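If you read the sequence shown in our numbering, its first letter stands for residue 5, the second for the next number, and so on.
Here's the structure, in structure tokens; my notes come after.
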Amino acid sequence: MTTAQAQKRVYNFSAGPAVLPVPVLQEVKDEMMCLPGAGASVLEISHRSKDYEAIIEGARQNIRDLLDLPEDYHVLFLQGGATTQFSMVPMNFHHSEGQAHYVRCGAWAVKAIKEAKKVGPVDILWDGEAGGFKEMPTADVFNKVSSGSYVHITSNETIEGVEFPYDPSTGSVPLVCDASSDFLHRKLDIKNYSLIYAGAQKNVGPAGATIVILHDDFLQKQVGKNLPTMLDYKIMVKGESMHNTPPAFSIYVIEKVTRWLKEEIGGLDAIYERNRKKAQVLYDAIDSSDGYYRGHAKLEYRSLMNVTFRLPSEELEKKFLKEATENDFSGLKGHRSVGGLRASIYNAFPPEGVDALVEFMKEFQKNNG
Ligand SMILES: *Cc1c(COP(=O)(O)O)cnc(C)c1O
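Pasting the structure below:
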């Protein structure tokens with residue numbers, strides 16, 4: 005491989021870790037040897053230094069600004085990925101009077117449920133498996149809940165490519181949301197949510213940090229006793245995510261990605277419009293292919309982040325993948341549980357990459373129809 009080839013950036017459709025904004029990568033590169041003012045790399049300085057404090061505070065503030073977060077929500081940067089939140093949520097908040105309600109809407113929800121069951125009884129509020137995990141529940145499903153520890157949803161199922169097109173309303177029962185793969189892709193009706201968690205590596209940064217947005221009223225309902233220190237939200241809030249060494253580099257990049265979202269893109273309404281258009285271009289290509297390409301998700305619940313689709317046969321899917329790779333489209337292989345193709349087009353994925361893929365899809369159909 006020549007240096008030129010080795011350095012060529014492809015259109016990266018990876019589901020996670022995933023594409024990051026080019027200006028952010030450039031800035032990270034420029035600052036790698038010496039963080040301005042610090043005289044050392046961000047990889048080398050104390051997380052208690054004033055330079056680093058400005059970074060973590062900036063990241064927190066950007067997220068607050070983007071989501072228009074009221075004062076009584078905490079913003080945390082934790083470790084252990086979204087997967088640790090599957091356990092941490094029930095360990096902290098699953099009380100003995102009643103159940104925790106889970107929406108079983110895809111592969112990640114299934115994993116969250118498995119962990120919750122180790123802590124206490126789980127009620128499956130809605131189950132999408134019989135329908136092939138192609139949709140989300142309608143809003144009225146949430147009216148059935150009147151008691152229990154909390155309701156848990158997965159706002160975007162990364163593997164199946166289904167997404168909530170609305171913010172569920174659960175009344176007095178706290179709503180917990182795994183937003184790992186669509187965090188900061190649109191504005192939220194934030195008051196509906198008591199806790200939102202997201203592994204950074206899908207839509208907001210590199211692997212290593214998990215963002216948690218936590219309403220203080222919910223925090224006060226913590227029931228877990230004698231929790232391991234790192235699994236105790238109260239300790240994490242008290243220490244302002246600095247009880248121990250935080251995932252410093254990941255948070256540093258998150259600060260840049262969220263600043264890019266705010267300043268370059270213009271906030272969540274602007275990114276949503278961009279995401280909606282990108283997804284529409286791709287879904288339109290699927291829908292206008294006379295059934296050659298078939299989308300997995302039902303129309304109303306199609307994900308704007310992970311577009312899942314099939315071709316007429318597995319042979320053609322293999323051929324498509326091979327030729328796509330040769331044409332500098334990477335990461336398009338669908339998850340083995342769904343099969344087919346998956347184009348992850350997160351916030352940072354450029355619109356021209358979607359246009360290029362659509363061109364390729366049309367050409368492929370013409371040659372292999
Ligand atoms: C990727 C993903 C997870 C797991 O995240 P980790 O940070 O790897 O633990 C959980 N939920 C959803 C929706 C995801 O996309």
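Don't be surprised by glycine CBs; every beta carbon is placed ideally from N, CA and C.
What you are looking at is a predicted structure, and each value in this text was computed from that prediction instead of being measured.
Practice task
Could you tell me whether the Cβ atoms of Gln-103 and Pro-125 are closer together than 8 Å?
Solution key: yes
Problem - Cβ-heavy atom distance, Ser-348 to ligand 1, below 7 Å - result: no
Problem - When Gly-135, Leu-82, Thr-249 and Val-107 are compared against Val-155, the one with the closest alpha-carbon - result: Val-107
Practice task
Verify the contact flag: Gly-165, CB atom, against every heavy atom of ligand 1, threshold strictly below 7 Å.
Solution key: no
Handout entry: Close beta carbons around Arg-64, own chain, < 6 Å, minus the five adjacent residues each side
Key = Val-79
Problem - Contact test: Lys-206 Cβ vs ligand 1 heavy atom, cutoff 7 Å - result: yes
Handout entry: From Ala-360, Gln-11, Gly-20 and Phe-137, residue whose alpha carbon lies closest to that of Lys-337
Key = Gly-20
Exercise for the section: Go through the segment 151-215 residue by residue and report every complete run of the beta strand (DSSP E) that reaches 3 residues or more, in order. Expected result: 154-158, 179-182 and 199-203
Problem - Backbone secondary structure at Phe-353 - three-state DSSP - result: coil
Problem - Cα-Cα separation, Gln-226 to Ala-202 - result: 20 Å
Practice task
Determine, using beta carbons only, whether Pro-178 and Gly-212 come nearer to each other than 8 Å.
Solution key: no
Problem - Sub-8 Å separation of Asn-310 and Gly-165 beta-carbons - result: yes
Practice task
On a CA-only basis, which of Arg-278, Glu-304, Leu-303 and Phe-313 is nearest Gly-357? Give me that one, please.
Solution key: Arg-278
Exercise for the section: Would you give the residue range spanned by the beta strand (DSSP E) that Ala-375 belongs to? Expected result: Because the chain in this structure spans residues 5 to 373, residue 375 falls outside the shown range and cannot be described.
Exercise for the section: Please confirm whether Asn-351 and Leu-265 have their CB atoms less than 8 Å apart. Expected result: yes
Problem - Contact between the segment 56-73 and the segment 244-261 (3+ Cβ pairs under 8 Å) - result: yes
Handout entry: CA-to-CA distance, Gly-41 to Leu-47, given in whole angstroms
Key = 14 Å
Problem - Length-filtered (4 minimum) alpha helix (DSSP H) runs lying within the segment 241-311 - result: 252-263 and 272-291
Problem - Straight-line gap, Gly-344 to Cys-38 (C-alpha atoms, nearest Å) - result: 44 Å
Handout entry: Distance cut-off 7 Å: Gly-85 Cβ against heavy atoms of ligand 1
Key = yes
Handout entry: Residues of its chain near Arg-280, where Cβ-Cβ distance is below 8 Å and the 5 sequence neighbours each way are ignored
Key = Leu-308
Problem - Cα-Cα separation between Lys-229 and His-247, rounded to whole angstroms - result: 18 Å
Handout entry: Contact set for Trp-1: own chain, Cβ-Cβ below 6 Å, skip 5 residues either direction
Key = What is shown of the chain runs 5 to 373, which leaves residue 1 out entirely.
Handout entry: Given Ser-153 as reference, the closest of His-105, Asn-196 and Glu-244 once Cα atoms are compared
Key = His-105
Handout entry: Per DSSP, the bridge partner or partners of Tyr-56
Key = DSSP output for Tyr-56 lists no bridge partner at all.
Practice task
Going by CA-CA distance only, name the one from Phe-253, Thr-162, Gly-295 and Asp-291 that's closest to Glu-4.
Solution key: Only positions 5 to 373 of the chain appear in this structure, which leaves residue 4 out of reach.
Problem - Pair within 8 Å by beta-carbon distance, Ala-111 and Ile-157 - result: no
Problem - Straight-line gap, His-51 to Thr-249 (C-alpha atoms, nearest Å) - result: 7 Å
Problem - Trp-130 beta carbon near ligand 1 (any heavy atom closer than 7 Å) - result: no
Problem - Own chain residues within Cβ distance below 6 Å of Ser-334, not counting five before or after - result: Val-14 and Asn-16
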